[in-house]
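If you count the sequence shown from 1, you need to add 174 to reach my numbering. Glycine included, C-beta positions come from ideal geometry on N, C-alpha and C. Below is one structure, written out as structure tokens, with a few remarks after it.
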Amino acid sequence: MIANNIAAIAGLIAPPKLLDYLVIAGGGGSTGGSGGGGAGGYKTSTNLAFLLSTNYTVTVGAGGAGTTGASGAEPSNGSNSVFSTFTSTGGGLGSRPDFAGGGTSGNGGSGGGASPNAGTAGTASPSGEGNNGGTVSAGGGSGGGGGAGAAGGNFTGGPGASGSGGNGSASSITGTSVTRAGGGGGAGNNAYTTPGAGGTGGGGAGGAGSPTGGATGTAGTANTGGGAGGGGYNGATGTRGDGASGGSGVVILRYPDAYAITIGAGLTGSTGTDGSYKVTTITAGTGNVSWT
175 MIANNIAAIA
185 GLIAPPKLLD
195 YLVIAGGGGS
205 TGGSGGGGAG
215 GYKTSTNLAF
225 LLSTNYTVTV
235 GAGGAGTTGA
245 SGAEPSNGSN
255 SVFSTFTSTG
265 GGLGSRPDFA
275 GGGTSGNGGS
285 GGGASPNAGT
295 AGTASPSGEG
305 NNGGTVSAGG
315 GSGGGGGAGA
325 AGGNFTGGPG
335 ASGSGGNGSA
345 SSITGTSVTR
355 AGGGGGAGNN
365 AYTTPGAGGT
375 GGGGAGGAGS
385 PTGGATGTAG
395 TANTGGGAGG
405 GGYNGATGTR
415 GDGASGGSGV
425 VILRYPDAYA
435 ITIGAGLTGS
445 TGTDGSYKVT
455 TITAGTGNVS
465 WT
């Protein structure tokens with residue numbers, strides 16, 4: 175009887191099985207002379223009920239691949255990230271005019287930036303995960319990739335700067351405020367146009383044009399979902415610097431420290447503490463997590 179009463183009391187005072195999550199997808203890639211890659215989709219919520227001894231699927235999306243400027247190959251959108259039934263969409267690629275489709279940048283969690291002289295900025299699709307890429311209304315410059323917190327910067331004419339990547343969004347899920355999912359900066363075009371800066375939260379800067387070619391764009395930062403910066407373009411010689419890859423995504427889970435998590439095979443992650451909570455950060459792979 176006493177043992178039963180103790181067990182009943184323990185059940186009443188156990189912490190609620192509620193967690194907070196942050197799910198960020200991989201950022202979009204870029205190439206030479208392209209707009210900036212869009213940031214990976216950004217989803218977060220609090221007080222989600224979870225069950226013990228139950229598997230929950232986790233996938234951390236890779237960043238979209240960049241391509242060399244000379245190849246003429248199109249870069250890739252970022253890959254989706256997943257926790258349970260919640261999916262964040264990979265960021266849109268930054269495109270350039272000579273791709274099939276007329277240089278239309280990728281749609282995604284955040285859209286890729288528009289390319290010089292032609293093309294269309296990518297949109298945040300589905301809505302609510304990020305922002306659109308920057309537009310181009312006059313030749314010579316590129317738009318910045320959209321970020322979780324703001325749209326990519328537009329290019330309206332030069333000389334001037336290509337669009338900067340849109341800024342990311344801050345989260346304190348780990349106990350410290352960190353900004354993630356910034357968009358990539360648009361490519362620079364020789365001396366005519368300076369490159370766009372990367373958006374705060376892991377967005378890569380665009381590469382500068384140069385007298386002999388173009389500089390390589392900066393990759394998005396790993397585990398932020400940042401978009402890649404476009405590789406620089408030299409309009410006088412027609413040469414392009416190389417693009418870069420978007421940053422990989424991340425899944426972060428915060429829950430009461432009374433519960434222990436099991437990170438399944440196929441996932442890479444670690445767990446720390448913040449007061450009376452544990453925080454698990456999963457940085458790569460696909461698999462399951464569960465709690466006891």
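- Would you kindly work out how many angstroms separate the C-alpha atoms of Asn-251 and Thr-398, rounded to a whole number? Here residue 251 refers to the residue found at position 77 when the sequence shown is read from its first residue. Here residue 398 refers to the residue found at position 224 when the sequence shown is read from its first residue. Each residue's Cα considered, the two are about 15 Å apart.
(message) Within a Cβ cutoff of 7 Å, which residues of the same chain sit near Ala-434, ignoring the five residues on either side of it in sequence?
(response) As a first step, residue 434 must be located in the sequence shown, where it is residue number 260. The beta carbon of Ala-434 sits closer than 7 Å to the beta carbons of Trp-465 and Thr-466 from its chain, once the five residues preceding and following it are set aside; these are given in chain order.
Query raised in the report: Between Ala-458 and the rest of its own chain, which residues show a CB-CB distance below 6 Å, the 5 nearest in sequence each way excluded?
Result: The sequence position of residue 458 within the sequence shown is 284, counting from 1. These residues qualify, in order along the chain: Val-234 and Thr-442.
Subject >> Residue closest to Gly-387, alpha-carbon to alpha-carbon, out of Tyr-195, Gly-207, Ala-439 and Pro-190 >> reply: By 1-based counting over the sequence shown, the position of residue 387 is 213. Closest option to Gly-387, Cα to Cα, is Gly-207.
*asked:* With DSSP as the reference, identify every bridge partner of Tyr-451, one or two as the case may be.
replied: Looking up residue 451 in the sequence shown gives position 277. DSSP output for Tyr-451 lists Pro-430 and Asp-448 as bridge partner(s).
N-terminal and C-terminal residue of the beta strand (DSSP E) that Thr-353 is part of: For this step, residue 353 is matched to residue 179 along the sequence shown. First-last of the beta strand (DSSP E) with Thr-353: 352–354.
Practice prompt. Determine the closest residue to Asp-448 out of Ser-351, Asp-416 and Thr-367, with distance taken between C-alpha atoms.
Written response: Against the sequence shown, residue 448 aligns to sequence position 274. Its Cα nearest to that of Asp-448, the residue Ser-351 stands out among Ser-351, Asp-416 and Thr-367.
Going by other Cβ atoms of all chains shown within 10 Å of its Cβ, with 16 needed for buried, is Ala-355 buried or exposed?
-> The residue given as residue 355 occupies position 181 in the sequence shown. Classification of Ala-355: buried, given that the 10 Å Cβ count is 16 or more.
Which residues does DSSP list as the beta-bridge partners of Ile-437? Position 263 of the sequence shown holds residue 437. According to DSSP, Ile-437 shares a beta bridge with Val-463.
Closest Cα partner of Gly-373 within the set Gly-461, Asn-363, Ala-393 and Ala-365 = Within the sequence shown, numbered from 1, the residue matching residue 373 stands at position 199. In terms of CA proximity to Gly-373, Ala-393 leads the group Gly-461, Asn-363, Ala-393 and Ala-365.
Open item on the list: What does the alpha-carbon distance come out to for the pair Pro-190 and Ser-444?
Closed with: As a first step, residue 190 is located in the sequence shown; it is residue number 16 there, counting from the start. As a first step, residue 444 is located in the sequence shown; it is residue number 270 there, counting from the start. About 22 Å.
Excluding sequence positions up to five away, which residues of its chain have a Cβ less than 8 Å from the Cβ of Asn-229? Along the sequence shown, read from residue 1 onward, the residue named residue 229 stands at position 55. Taken in chain order, the residues that qualify are Gly-438, Asn-462, Val-463 and Ser-464.
*Backbone CA spacing between Gly-314 and Gly-332 [nearest angstrom]*: Counting from one through the sequence shown, the residue named residue 314 turns up at place 140. Counting from one through the sequence shown, the residue named residue 332 turns up at place 158. The alpha-carbon atoms of Gly-314 and Gly-332 are separated by roughly 7 Å.
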